[in-house]
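Data first, discussion second: the structure below is written as structure tokens.
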Amino acid sequence: DIVKKLVELKGNNIVAEGINAATGYAHKWLLKKKVVPGSPPGNIGPLPNFTIYKSAESINSALSRDFVKYALTDSKATALRKRLQYTRSAEEFFFATLNKLKDAPGNRMKLKAAGLAMPRFSQRFWGARRNGCLERYLRHKICIVSASDLPFILNQMKKGLWFYNKYLIDYDYVVNDCIQLLLIQNNFNLYKQECHYNEE
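So the sequence shown is numbered by our numbering: it starts at 881 and just counts up by one.
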């Protein structure tokens, strides 16, 4: 399903649009240091000289091959990666920022210029939607999906939203098992259709 969407987008990326991290909570988050073995003392260094964006949903991205090469080799991408190395939730800044750079393959501006709408394939349960989180078990203000949420999730899957945040394996593992089974069944059904087509 995701590959089909990437083909439809003609090489453009599926990356959620972020918010400017120059001010507000996003800026505070950008300055938070992740203390891990090997992290240097003091502040985590100056910011690159381009605008940085934050999107919690951008960790669920689908990227073109050219964009991946760009992210691994471009000087701006390298500078951003080094700056974010010891930043908390660095992945929420990395893809959203790179996808806004003019020279990035398949960036958001090119998507808009082509008149294409960005599809979604993920669903994030925010705590603000408490009536959409039936068991009301939250972690970092985000709903932890339970078996009670399965009817809603199954309905959303019909719309192409296959991935959900957040699961906890020690909270309600049945949900994860059900989602995996549905993915297997969906792939198997597509496989059977292709086999039938080839036989004809």
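Heads up, the beta-carbon is just placed ideally off N, CA and C, and yes, glycines get one too.
Boundaries for phenylalanine 930: no beta strand (DSSP E) harbours it, and the DSSP string shows neither H nor E there.
Annotation: the continuous beta strand (DSSP E) that includes tyrosine 1044 extends over 1043-1045. Judged by their CB atoms, arginine 963 and proline 999 are not nearer to each other than the 7 Å cut-off.
By the criterion of a C-beta distance shorter than 8 Å, asparagine 1056 is surrounded in its chain by Tyr1047, Ile1049, once the five residues flanking it on both sides are discounted. The continuous stretches of alpha helix (DSSP H) do not include glutamate 1015, and DSSP gives it neither H nor E. Per DSSP, the unbroken alpha helix (DSSP H) holding threonine 953 starts and ends at 945-953.
A Cβ-Cβ distance of about 6 Å is found for the pair alanine 942 and leucine 886, placing them in contact under the 8 Å criterion. Distances from the CA of alanine 957 to each of Leu1061, Leu981, Val915 were compared; the closest alpha carbon is that of Leu981. Taking a contact as a CB-CB distance under 8 Å, the pair tyrosine 950 and alanine 984 counts as one, their CB atoms being some 6 Å apart.
Selection Asn1045, Leu952, Pro917, Ala906 evaluated against threonine 931 yields Ala906 as nearest (Cα-Cα).
Rounded to whole angstroms, the gap between the alpha carbons of alanine 993 and asparagine 892 is 11 Å.
Judged by DSSP in its simplified three-state form, threonine 903 adopts coil rather than helix or strand. Between lysine 913 and tyrosine 966, the CB-CB gap stays under 7 Å.
In the three-state reduction of the DSSP assignment, lysine 913 falls in the strand class, which pools E and B.
Residue environment: isoleucine 1024 is assigned as buried (16 or more neighbouring CB atoms within 10 Å of its CB, all protein chains considered).
When secondary structure is reduced to three states using DSSP, alanine 896 falls in the coil class, being assigned neither helix nor strand.
Our two residues, asparagine 979 and valine 895, have alpha carbons roughly 7 Å apart in a direct line. Taking C-beta atoms as the reference points, serine 938 and phenylalanine 975 count as a pair closer than 7 Å. By the neighbour-count criterion, in which 16 or more other beta carbons inside 10 Å mark a residue as buried, alanine 902 falls on the exposed side. By the neighbour-count criterion, in which 16 or more other beta carbons inside 10 Å mark a residue as buried, glutamate 1074 falls on the exposed side. Excluding residues up to 5 positions away in sequence, Lys913, Tyr966, Thr967 lie with their Cβ nearer than 7 Å to the Cβ of isoleucine 924 in the same chain.
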